[in-house]
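This report refers to the structure that appears directly beneath it.
In the working numbering, the protein residues as written are 38 to 376.
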């Protein structure tokens, strides 16, 4: 197993770490103006467990934030009426969240102002290279990130960003505060057998009242949820902003991105629902993931007609070798009221 290497960077408002595996950012500690230190990004607890080498690379040292190109993965799965996997696929489309999520990135120009990494894709893959630049804001508790995608041939791909935030055990201790969105869609089946919560294939105008399978409603903005679950919800037609209010700790984490590149926000509720190793029925985290994708169902589904896609919220983007794709996004924190 290739050893994971890490680079760190400190600035007036915090410090951060980036690892070679997956190019993942995390942990990050921000310094608030009142002197408190806060760390909103999740770091999975099994990162030092020797048994983790049996896991897919993306899971072995799971943490923080990273890009997924393509987003999701193709696979043999039952699809309900209205869904198909007749879109574009290719060798490597079955890799979980793309090649870059599962290999070690190369360090680029790193100094006291920035960390740069690149990831080369296999020669038969439509993607040629990813480049990632992480720059702390010298004047704020914030980090600016740039992602560049170069492709070998014209293609359509679902893509996404994968910020994963830590949660504390008390139900409702964190309030999810999305910006404007059109509606929420649930997964059209079981994300994890035995850990389903939301009515499958549903649509709702508000996250505060999502129908559960038992006929009750769930406030999906209040996390952790008060029952064990492994679920996905996709907000479509988003405005490119979301915040998490850590009500017990008195701070708010914010994420802002280019909505023309990522018109949806995928919410991954990892809420003690998965029982197998390494989750062990204990894992708590919230993925808050800007995407241009149909949930995490992969290229063949996301590039086909599907119930999530619309002219305002496509589920894949076109790429061309003569036009490198560049997108920018920002993670920041601020003090907030308790409760």
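Glycine residues also receive a C-beta, built at the ideal position from the N, C-alpha and C atoms.
Computed from a predicted structure; not experimentally measured.
Three or more Cβ pairs closer than 8 Å define a contact, and the region 88–105 falls short of that threshold against the region 345–358. Here the C-alpha atom of residue 144 lies approximately 6 Å from the C-alpha atom of residue 153.
Using a Cβ distance threshold of 8 Å, residue 142 and residue 315 do not count as a contacting pair.
Residue 126 is positioned such that its CB atom lies no closer than 8 Å to that of residue 351. Here the alpha carbon of residue 374 sits roughly 14 Å from the alpha carbon of residue 214. In the three-state scheme derived from DSSP, where H, G and I count as helix and E and B as strand, residue 114 is classed as coil. Pairing residue 79 with residue 321, the inter-Cα distance amounts to about 9 Å.
Straight through space, the alpha carbons of residue 272 and residue 196 are spaced by roughly 15 Å.
60 is the residue among 254, 60, 247 whose C-alpha sits nearest the C-alpha of residue 94. Unbroken beta strand (DSSP E) stretches of 3 residues or longer found wholly inside the region 254–342: 266–273, 278–283, 288–294, 301–308, 321–329, given in chain order. Comparing alpha-carbon positions, the option among 198, 230, 255 lying closest to residue 109 turns out to be 198. Here DSSP, grouped into helix, strand and coil, assigns residue 88 to helix. Closest by C-alpha distance to residue 264, out of 169, 277, 249, is 249. Taking the Cα positions, residue 177 is about 9 Å away from residue 70.
In this chain, the alpha helix (DSSP H) harbouring residue 97 covers 94–97. Per DSSP, reduced to three states, the secondary structure at residue 137 is helical. Counting C-beta pairs closer than 8 Å gives fewer than three between the region 325–340 and the region 244–261, which falls short of the contact rule. If you draw a 10 Å sphere on the C-beta of residue 163, you find 16 or more other C-beta atoms in it, and that means buried. Remark: three or more beta-carbon pairs, one from each stretch, lie closer than 8 Å, so the region 284–299 and the region 366–373 are flagged as touching.
In the three-state reduction of the DSSP assignment, residue 165 falls in the strand class.
Judged by DSSP secondary structure, residue 359 falls outside any beta strand (DSSP E); it is assigned neither H nor E. When DSSP states are grouped into helix, strand and coil, residue 209 belongs to the coil group. Rounded to whole angstroms, the gap between the alpha carbons of residue 266 and residue 260 is 11 Å. Judged by their CB atoms, residue 216 and residue 275 are nearer to each other than the 8 Å cut-off. Under DSSP, the beta-bridge partners assigned to residue 181 are 172, 367. Taking C-beta atoms as the reference points, residue 175 and residue 372 fail to come closer than 8 Å. Here residue 118 is exposed, its C-beta having fewer than 16 other C-beta atoms within 10 Å.
Apart from the 5 residues on each side of it in sequence, residue 98 sits with its Cβ closer than 7 Å to the Cβ of 41, 56, 58, 84 in its chain, given in chain order. The Cβ atoms of residue 185 and residue 165 lie no closer than 8 Å to each other. Nearest to residue 363 by C-alpha distance, out of 230, 92, 106, is 106. Going by C-alpha positions, residue 353 is about 27 Å away from residue 281.
The three-state secondary structure of residue 102, taken from DSSP, is strand. Going by C-alpha positions, residue 116 is about 43 Å away from residue 151. Distance from residue 244 to residue 236 at the Cβ level is roughly 14 Å; contact not present, criterion being Cβ atoms closer than 8 Å.
Sequence-distant partners of residue 232 (beyond 5 residues in either direction) whose C-beta falls short of 7 Å from its own C-beta, in its chain, are 265, 266, 267, 310, 311. About 6 Å separates the beta carbons of residue 300 and residue 329, which is inside the 8 Å limit, making them a contact pair.
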